[in-house]
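Chemist: Residue numbers (this note's numbering), protein chains in the order written: chain R, 1079 to 1521; chain E, 2 to 510. Starting off with a structure, shown below.
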Amino acid sequence: MKHAVVLGLLLALAATAAAGSVLPYAHRTEVLPNGLTCILVKLDNPDLVAYITIVRTGSRDEVEPGHTGFAHFFEHMMFRGTPTCSAEEYNRIHTEMGADDNAFTGEDLTCYHLIFSKLYLEQVVATEADRFMHLAYAEPAFQKEALAVLGEYNKDCVSPWFQMEEKFLATAFQAHTYRHTVMGFLKDVEDMPNQYAYSRQFFDRFYRPNNCVVLVVGDIDYDATLALLRKYYADWQPGTYKPTYPAEPPQTAERTCHVDYAGASLPMLWIGYQAPAFDPANKDFAALTLLARLAFGETSSIYRELVLERRTVESIEGNLESHRDPHLFTISGRVKRAEDLPAVQARIEQAIAEAVAQPVDPERLAAMKSNLKYDFLMRLDSTGGTAFRLIRIIQLTGGVEALDTWYATLDGVTAADIQDVARKYLVRERRTVGTLTSAGVEP
Amino acid sequence: MTRILAPSRFAALAALCVLAVTGVAHGAPAEDAPQFVLMPNPESPFVTFRIWIRAGSANDPAGQEGLAQLTGSLIGRGGTRALAYEAILQRLFPMAAGYSVSVDREMTVLEGTVHRDYRDAFYALIRDALTAPAFDPGDFERLRTDQANYLENNLRYSDDEELGKAVLHWAAFQGTSYAHPEAGLVRSVKALTLDDVKAFHATWYRRGNIVVGLAGAFGDDLVERLKADLAALPAGAAPAFTPPAPTKKTRGLRVFIVEKETRATAISFGHPIAVTRADDDFYRLMIPNSWLGEHRTSSSHLYQVMREARGMNYGDYSYIEWFAGSQWNEIPPQNHARHRQMFEVWIRPVMNANRHFALRQAMRELTMLVDNGMMPETLELTRNFLLNFSHHYATTESARLGYAIDDRFYGLPESHLARIQERVKAATLEEVNAALRRDIDPANMDIVFVTNDAAGLKAALVGDAPSPIHYDAPTPESILAEDRIIQAYSLKIAPDAIRVIPVAEVFER
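In structure tokens form, the structure reads like this:
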């Protein structure tokens, strides 16, 4: 019954969109002759436009030794100017227009975003196209920016979560570049000031139209906006570089790691199982997505028992990481006393055994699917919110069309499918177990 | 590049918003009646609640620091007399909605947004959270432990910048109700009882002490139901509360060194200011503050001279009012309004070897700004930035409702967002520079370092000898020449003005 309510709601929200589309707004996609994908979403919200450039390159592409963290570092360099628009001028233009602008880097993308009044649209298209095509910076500026990146590492590295992630990934992955964090290994971050020549090569390889998507969301006119994109990006030449990603071999035995945290922290327990890459049509991926929340989310029996009733655990959650290459199904928690770590791990194993043995209640499954769809819709609350909601599907698939495939796949998952993936993926030999305790406290 | 002049359409939109808020706001202040701030939008897919209780951590009784926060947590993350917390989570789950309570020095806000189709089911949950909390002993133990763990572990060890800012506010407001963080003090939190929570709730969660904000497709019938349902709360107004008196700025430079093992040093400094959104000077100060250190914006001056020119750290910012969650929010969040504010500068972690230099540079830049004032051309550029950028502050219904409630807190006759458009636009160079001299005093600052080798830092500060910056990369001569001035910039810090605090003692009692 609950599921039917959701479908009715979706149809109501989708009034302005193509029939059956999950995204409740009309949109248009055009691929320019040079391979640049342009996705336009028109909203009724007045005045504001979100302009987002997604480079489908992230820490995953750092396949060469000594260059971990470079995609993130390069994100910083993109604000350092061109022959016709210095860094100072670029800053001044954005200051004048009061743009809300920034950038971020992940495993599979580097993303540059601006939100501004539509009156500035042509100026933004012009300056963004200019820096993506003609970025130029001298070695001293490059070296100063490398120090700012080290400063970013220094501010983050005191966190126990950061230290845990760094060690856990390096243990769970032996070959694939997902074994380092987006920030990169410290020794590589410290060596960045010496990598000026490599940085030019990096730009030449990855900042190419056929590796990028421009997403424009907000108060726009389709034809006029497309005309601007065609005009300013026409001369951008496509590239040919394709990294060879080292395949992560199937794991055959359990791995473990431990962090002795120098400060005080509640003990942490992370368990990661080798899982498939994101594929909107892959039922296994959809079933694992549901399983993570059903078995380890706030409405799970383990959450009720450990967090709310026995109160031995501060927090616990399950998550299937969505990436272009196979990543991890993770269960992570903060435990109140180190001596409880083995019992908490045993309870997690019991929850997995239950997921294999018992089909999930149909009403819970329907509530879960409702949750995922409403979660998507609830964040479409503003121009920026809508644009940011689309970034992940674009990063993973290169477009927004896969949204409909993905939600159809989720809808098709049955209780038996969830039992199947629990049995297939959540097995001891595919897992890595990580713990963190304050230094001197035995795990 | 062609330059396009700033649009005027924004101003019209802002004015429209203001009319929507004030045109339908219900109720005059009355001893026994909740007030309403209503922003109806029948076309909206959402219904947003922001229910403001006029109480916060500044109302914690002495020895019970953390009580307002724990009370709020029990409402936001605890059961009701109708449903255990676990059952509430189950009900919220298909809606993909939730509610939460944020507690600041003077405000507690119960906030949640739901799709309009779930309005009634969600309303029943949020109503019971406010009017019929269970105050279950199990919930109490869980949330009190979480709060103590936050202080003992997270705040002290996992983020040196947040720690530095919390210690700065403690230093600047020592001896007042504003000194301790919302989470309280470790010993006090561990001693709190369920009866303390019930007493706090009975004192402050009263009909006459509540402002109900609603936005979106809530419907008039919901307002009527709320009026009836809030009768379940105790009648009457809450006790009068007086914010701390504005601090006299006559104490020189005081230094607080939180000592712990660090790879880098976090620095914050500032002083209380007697200026809020209710004052003309606030809008005058917005302009030089934005020029000096607009939050997370690369064009501001400190960012340019410390990060961009010298690669010293990840960023450097300044503030004239509290910016909650500054680590992760790029746009200021709402409902953290305070009657006493601080001017503060946030220097993100610098290499330990450069900590003295970094303080000297930031203090020198601030002093030059106050002494020399802004230049006409930078004032115009910054003014245009603020007039446009402030339109990003409230792009959702929830944010607009949050601003309307904050306007009520400050007693503003029109909205803060409209005041920015009017007053930032109207401010003259003379007014701005006079406000800087009147309100910001670089000679009277509290300075917090989170760093290692406190003895070494103390000796360096007292000795006041040159502290050259350490570079790992070639640097232009123009920068090096200025560095020679900065490294000798005298701060004249007296030995007895420096206090070292081991990190394990911070916020202990």
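The beta-carbon is built from N, C-alpha and C at its ideal position, and this holds for glycine as well.
Between R:V1141 and R:P1321, is the Cβ-Cβ spacing less than 8 angstroms?
Modeler: yes
Chemist: Quick check on this structure: which residue in E:F174, E:E163, E:L462 and E:A229 has the alpha carbon closest to the alpha carbon of E:S269?
Modeler: E:E163
Chemist: Look up R:W1348 in the DSSP assignment and say whether it is helix, strand or coil.
Modeler: strand
Chemist: Could one say the Cβ of E:H357 lies closer than 8 angstroms to chain R's Cβ atoms, at least one of them?
Modeler: So, not an interface residue.
Chemist: Output needed in chain order: residues of the segment 146 to 159 of chain E with a Cβ under 9 angstroms from some Cβ in chain R.
Modeler: T146, D147, N150, E153, N154, N155, R157, Y158 and S159
Chemist: Report the rounded CA-to-CA distance for E:I448 versus E:L492, giving the unit in angstroms.
Modeler: 12 angstroms
Chemist: Assuming E:S291 and E:T383 form a contact by the criterion Cβ under 8 angstroms, report the distance between their Cβ atoms to the nearest whole angstrom.
Modeler: Contact holds; Cβ gap of about 5 angstroms.
Chemist: In or out: E:S479 buried (at least 16 other Cβ within 10 Å) or exposed?
Modeler: exposed
Chemist: Assign E:F50 to one of three DSSP states: helix, strand, or coil.
Modeler: strand
Chemist: Can you pull the chain E residues whose beta carbon is under 9 angstroms from the beta carbon of R:R1415, in chain order?
Modeler: Simply none; closest approach about 11 angstroms.
Chemist: Would you mind reading off the limits of the alpha helix (DSSP H) that contains R:V1109?
Modeler: Note, R:V1109: premise wrong, no alpha helix (DSSP H); beta strand (DSSP E) at H1105 to V1109.
Chemist: Would you please verify whether the beta carbon of R:P1175 is less than 8 angstroms from any beta carbon of chain E?
Modeler: For the sequence presented, residue 1175 of chain R should be read as Met rather than Pro. Chain E contact via Cβ: present.
Chemist: Does DSSP put E:G271 in a helix, in a strand, or in coil?
Modeler: strand
Chemist: By the DSSP assignment, the alpha helix (DSSP H) with R:D1139 in it spans what residues?
Modeler: It is not in any alpha helix (DSSP H) - R:D1139 carries neither H nor E in the DSSP assignment.
Chemist: Within 10 Å of its beta-carbon, does E:R401 have 16 or more other beta-carbons around it, so buried, or fewer, so exposed?
Modeler: buried
Chemist: Applying the criterion that 16 or more other CB atoms from any shown protein chain within 10 Å of the CB defines a buried residue, is R:Q1329 buried or exposed?
Modeler: buried
Chemist: Please work out which residues of its chain come closer than 6 angstroms, Cβ to Cβ, to R:T1249, disregarding the five sequence neighbours upstream and downstream, and give them in chain order.
Modeler: R1333, C1335 and T1510
Chemist: Counting only Cβ pairs nearer than 9 angstroms, list the residues of chain R close to E:E142.
Modeler: R1389
Chemist: Among E:E260, E:D61 and E:T379, which one has its Cα closest to the Cα of E:T243?
Modeler: E:D61
Chemist: Suppose you measure from the CA of R:L1121 to the CA of R:S1379; what does that come to, to the nearest Å?
Modeler: 41 angstroms
Chemist: Tell me which residue opens and which closes the beta strand (DSSP E) that E:P503 is part of.
Modeler: Note, E:P503: beta strand (DSSP E), I499 to P503.
Chemist: Please list, in chain order, the chain E residues whose beta carbon lies closer than 8 angstroms to that of R:A1340.
Modeler: E262
Chemist: Give the DSSP-derived three-state secondary structure of E:I494 in the structure shown.
Modeler: coil
Chemist: Measuring only between beta-carbons, confirm whether E:D317 sits less than 8 angstroms from chain R.
Modeler: No, because no Cβ of chain R sits closer than 8 angstroms to the Cβ of E:D317.
Chemist: Starting from R:A1445, trace the alpha helix (DSSP H) in both directions and tell me its first and last residue.
Modeler: P1440 to M1456
Chemist: Counting Cβ pairs, one atom from each stretch, are 3 or more of them under 8 angstroms apart for the segment 1261 to 1277 of chain R and the segment 1422 to 1442 of chain R?
Modeler: no
Chemist: Decide if E:V25 is buried, meaning its Cβ has at least 16 other Cβ atoms within 10 Å, or exposed.
Modeler: Note that E:V25 scores a pLDDT of 32, beneath 50, so its modelled location is shaky and nothing firm can be said.
Chemist: Please work out which residues of its chain come closer than 8 angstroms, Cβ to Cβ, to R:Y1381, disregarding the five sequence neighbours upstream and downstream, and give them in chain order.
Modeler: Cβ within range, chain order: F1374, G1375 and I1394.
Chemist: Mapping the DSSP letters down to three states, classify R:Y1190 as helix, strand or coil.
Modeler: strand
Chemist: Buried or exposed, going by whether 16 or more other CB atoms sit within 10 Å of the CB of E:R120?
Modeler: buried
Chemist: Determine which residues of the segment 1229 to 1244 of chain R have a Cβ less than 7 angstroms from any Cβ of chain E, and write them out in chain order.
Modeler: G1229, E1230, N1232, K1233, C1235, V1236, S1237 and P1238
Chemist: Cα separation between E:R71 and E:A149?
Modeler: In the sequence under discussion, the amino acid at residue 71 of chain E is Leu, which differs from the Arg named in the question. Approximately 10 angstroms, taken between the alpha carbons.
Chemist: Can you pull the chain E neighbours of R:F1157, defined as C-beta to C-beta under 7 angstroms?
Modeler: S299
Chemist: Below 9 angstroms between beta carbons is the criterion; list the residues of the segment 50 to 78 of chain E that meet it against any residue of chain R, in chain order.
Modeler: Taking 9 angstroms as the Cβ-Cβ cut-off against chain R, none of the residues of the segment 50 to 78 of chain E qualify.
Chemist: Below 8 angstroms on C-beta distance, what does R:R1170 contact in chain E?
Modeler: S300 and L382
Chemist: In this structure, does DSSP put E:W323 in helix, strand or coil?
Modeler: It is coil, neither helix nor strand.
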